[in-house]
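When we follow the working numbering, the leftmost residue of the sequence shown carries the number 571, and every step to the right adds one. Just so you know, even glycine gets a beta-carbon here, dropped at the ideal spot from N, CA and C. One structure below.
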Amino acid sequence: MRLLGVLLVVTVLSACSFGAAPLPTATAVIGSTTISLPHGSYCWSSGGQATCADSADPEMLLQTGYLKPVTVPAGALVKVTFSSEPSAVENTLRWAAGGTVFGAASSGASFALPSQPGRYVYVITGKWQEGDVGFFLPVDVTR
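Shown next as structure tokens:
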């Protein structure tokens, strides 16, 4: 009887993690440059397990070297793709040189960068059935 109980527990636990969806990844294409986007904050629930992680603010991540800005031309078009298709995408300018913090968001995986030169950090958030995942896009915009 005890062996049956152990087998039942093992079966239930393995069923909970069977088919767990991994945390998605994202890339951005700007002109001919493809950039792997680092994860930001997220909440993800899959295979019977839920995980949430908060990210530090963009300025701190730039200072530590976690975010490495890519030099891009002013007004360039950004196209973000994901390893699995989200149900919705939101892009938000979170930080600009000088410490200016923005919060205005727009929807969609494509958007134009500012025409004003400077350093900017965007957060692109994808929404899936399993949760929301943010990705950082740090850029140095030049003329």
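Could you check the C-alpha separation between residue i and residue j for me, to the nearest Å?
i    : j    : result
V659 : Y692 : 13 Å
V642 : F706 : 15 Å
P687 : G645 : 9 Å
D627 : G589 : 33 Å
G678 : K649 : 9 Å
K730 : V711 : This structure cannot speak to residue 730, because the chain is shown only from 571 to 713.
Between the options, which has its C-alpha nearest residue i's C-alpha?
i    : options                : result
A591 : P608, S606, I605, T621 : T621
S615 : A623, H609, P608       : A623
T603 : L647, M630, R713       : L647
I694 : S676, G701, P684, S685 : S676
For residue i, I'd like the list of residues in its chain whose CB is within less than 6 Å of its CB, leaving aside the five on either flank, ordered along the chain.
i    : result
I605 : A598, V640
T651 : T597
G696 : F652, P656, V659, V703
For residue i, which residues in the same chain have their Cβ closer than 8 Å to its Cβ, ignoring the five residues on either side in sequence?
i    : result
F672 : T662, L663, R664, W665, A666
Q699 : S657
L607 : T595, A596, T597, A598, V650, I694, F705, F706, L707
Output needed for residue i: all residues of its chain with C-beta closer than 7 Å, excluding positions within five of it in sequence on either side, in chain order.
i    : result
F681 : V648, N661
> Where are the alpha helix (DSSP H) runs, 4 residues long or more, that stay fully inside the stretch 623-663, in chain order?
Replying inline: 628-634
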